[in-house]
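*Asks:* One structure, as structure tokens, below. Some questions next.
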Amino acid sequence: MTKDLTPDRAALRSWLPGFLALGVIWGSSFLFIKVGVTELHPLHLTLYRVATGAATLLVVLAVLRDRLPREPRIWAHLLVVAAFGVSLPFTLFGFGEQRVESMLAGIWNATTPLIVLPLAVLVFRTERLTVRRAVGLGLGFTGVLVVLGVWEGVGGSHFTGQLLCLAAAACYGVAIPYQTKFIAGSAHSGLSLSAAQVLVAAAQLAVIAPLVAGAPPVPSGLSGRVVASVLALGALGTGLAFVINLRNIRVVGASTASTATYLIPVFAVLVGAVVLGERMNWHQPVGALIVLLGVAVAQGVLGRRRSRPALGTPAAAVTEPAVRG
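Mind the numbering: the sequence shown is residues 1 to 325 in UniProt numbering, read in order.
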């Protein structure tokens, strides 16, 4: 080992474990959703998950001596971000996974940046469409058609489940550019905004879930594996993962840290196959690779490294909550 190589390897060891941990945590969330909906209505699963996540982030907030936003304007915008960034997508993934494999839900989550870009360009005007991004979008949506297997015809419960997962990714596509336009310029930390967002989502679900799905079941009446899944989704997927992601951003920058998004479908497929014994048709992983290639092209990952964060990633900036899947 030469003196010149030592700093690079030390730097790699400082962030790579956390980078891989994020892929495992976020990728495994689809497994936990699959387990959770075996006993819980998707709305109840989301309520318990978000309440656990809110409690975790509030504890972290207190430990780090940070505080929640106080401006009414921020809280008003968080009502929208919480609905489209947490409440709706988490619930839609739950409904989707009642019909499709967890690994397939993880693949659909990877389409988020493809939906973010056109909305950011055409609706929120926070991004500019370039030839490279247009090519990436074309590749990505070709991959979507391959994942769907449109040549086999459409219809049925499985196809409906895929559309629900795509709708969940579309919700992220609204929340991310909305937050970029209306909240990202505030002086609050990413942890503060994330805790506030999840807290608002918990309040939304506390009202909506009983009205739509009835009173939530008592946790003591649930099996151990479902309770463990809820705790993992909330405490790990929202709390611990966000803290790890913030550290990665500080160590290697937002652009490199944001590429953890490419690990999510990989680990979703691995844990789905190993733990649940799920299997996919040939065209689904092929389509997933095309989707990821399109995302990489659209974000400029295959070209010159950019100094700005990649668009539509799990935590493209410290102001974007890391609550995915």
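All C-beta atoms, glycine included, are put in the ideal place defined by N, C-alpha and C. Keep in mind that this is a model prediction, so the values were computed, not measured.
1) Does G234 pass the burial test, meaning 16 or more other C-beta atoms within 10 Å, or should it be called exposed?
2) Between which two residues does the alpha helix (DSSP H) holding Y172 run?
3) Rounded to whole angstroms, how far is the Cβ of A164 from the Cβ of L88, which I believe are closer than 8 Å?
4) Take every Cβ of the stretch 262 to 279, pair it with every Cβ of the stretch 93 to 111, and state whether three or more of those distances are shorter than 8 Å.
5) Alpha carbon to alpha carbon, how far is residue 328 from L166?
6) If we count the other Cβ atoms within 10 Å of its Cβ and call it buried at 16 or more, is E97 buried or exposed?
7) Are the Cβ atoms of A228 and W26 separated by less than 8 Å?
8) Report the rounded CA-to-CA distance for S189 versus V251, giving the unit in angstroms.
9) Consider the Cβ of L64: report whether some Cβ of chain D lies at a distance smaller than 8 Å.
10) Any contact of the stretch 33 to 43 with the stretch 213 to 224, i.e. 3+ C-beta pairs under 8 Å?
11) Is G143 buried or exposed, if buried means 16 or more other CB atoms sit within 10 Å of its CB?
12) Whose C-alpha, out of L20, G23 and K34, is nearest the C-alpha of E278?
13) With distances taken from CA atoms, which of Q284, Y262 and M280 is nearest L293?
14) Apart from the five residues just before and just after G161, which ones in its own chain have a Cβ nearer than 6 Å to its Cβ?
15) DSSP state of N281, grouped into three classes?
16) Determine whether the beta carbon atoms of A260 and F32 lie at a separation below 8 Å.
17) Would you mind giving the Cβ-Cβ distance between L57 and T238, rounded to the nearest angstrom? I have them listed as a contact below 8 Å.
*Replies:* Once the coordinates are examined:
1) Taking the sequence shown and counting its residues from 1, the one referred to as residue 234 is at position 234. Flag for G234 reads buried.
2) Counted from its first residue, the sequence shown places residue 172 at position 172. For Y172, the enclosing alpha helix (DSSP H) begins and ends at G156 to F182.
3) Locating residue 164 in the sequence shown gives position 164, where the first residue counts as 1. Locating residue 88 in the sequence shown gives position 88, where the first residue counts as 1. A small fix is needed here, since residue 164 is Leu in this sequence, not Ala. Not a contact, Cβ separation roughly 11 Å.
4) Three or more beta-carbon pairs drawn from the stretch 262 to 279 and the stretch 93 to 111 are found closer than 8 Å, and the two stretches are therefore classed as touching.
5) Residue 328 is absent from the model: the chain starts at 1 and stops at 325.
6) Within the sequence shown, numbered from 1, the residue matching residue 97 stands at position 97. By the neighbour-count definition (other C-beta atoms within 10 Å, threshold 16), E97 is a buried residue.
7) Counting from one through the sequence shown, the residue named residue 228 turns up at place 228. Counting from one through the sequence shown, the residue named residue 26 turns up at place 26. Contact: no.
8) Taking the sequence shown and counting its residues from 1, one reaches residue 189 at position 189. Taking the sequence shown and counting its residues from 1, one reaches residue 251 at position 251. One alpha carbon belongs to S189, the other to V251, and they sit about 17 Å apart.
9) The chain labelled as chain D is not found in the depicted structure, where only one protein chain is given.
10) Two segments are said to touch when three or more pairs of C-beta atoms, one from each, lie closer than 8 Å; by this definition the stretch 33 to 43 touches the stretch 213 to 224.
11) Counting from 1 along the sequence shown, the entry for residue 143 is found at position 143. Its Cβ being crowded by 16 or more others within 10 Å, G143 is buried.
12) Residue numbering aside, residue 278 sits at position 278 when the sequence shown is read from its first letter. When each option's Cα is compared against that of E278, the closest is K34.
13) Position 293 of the sequence shown, counting from 1, holds the residue named residue 293. Checked all of Q284, Y262 and M280; the closest Cα to L293 is Y262.
14) Against the sequence shown, residue 161 aligns to sequence position 161. Taken in chain order, the residues that qualify are G96, R99 and V100.
15) Position 281 of the sequence shown holds residue 281. In the structure shown, the three-state DSSP call for N281 is coil.
16) Position 260 of the sequence shown, counted from the start, is the residue given in the question as residue 260. Position 32 of the sequence shown, counted from the start, is the residue given in the question as residue 32. Contact flag unset, no.
17) Stepping through the sequence shown from its first residue, residue 57 is reached at position 57. Stepping through the sequence shown from its first residue, residue 238 is reached at position 238. A Cβ-Cβ separation of about 7 Å places L57 in contact with T238 under the 8 Å criterion.
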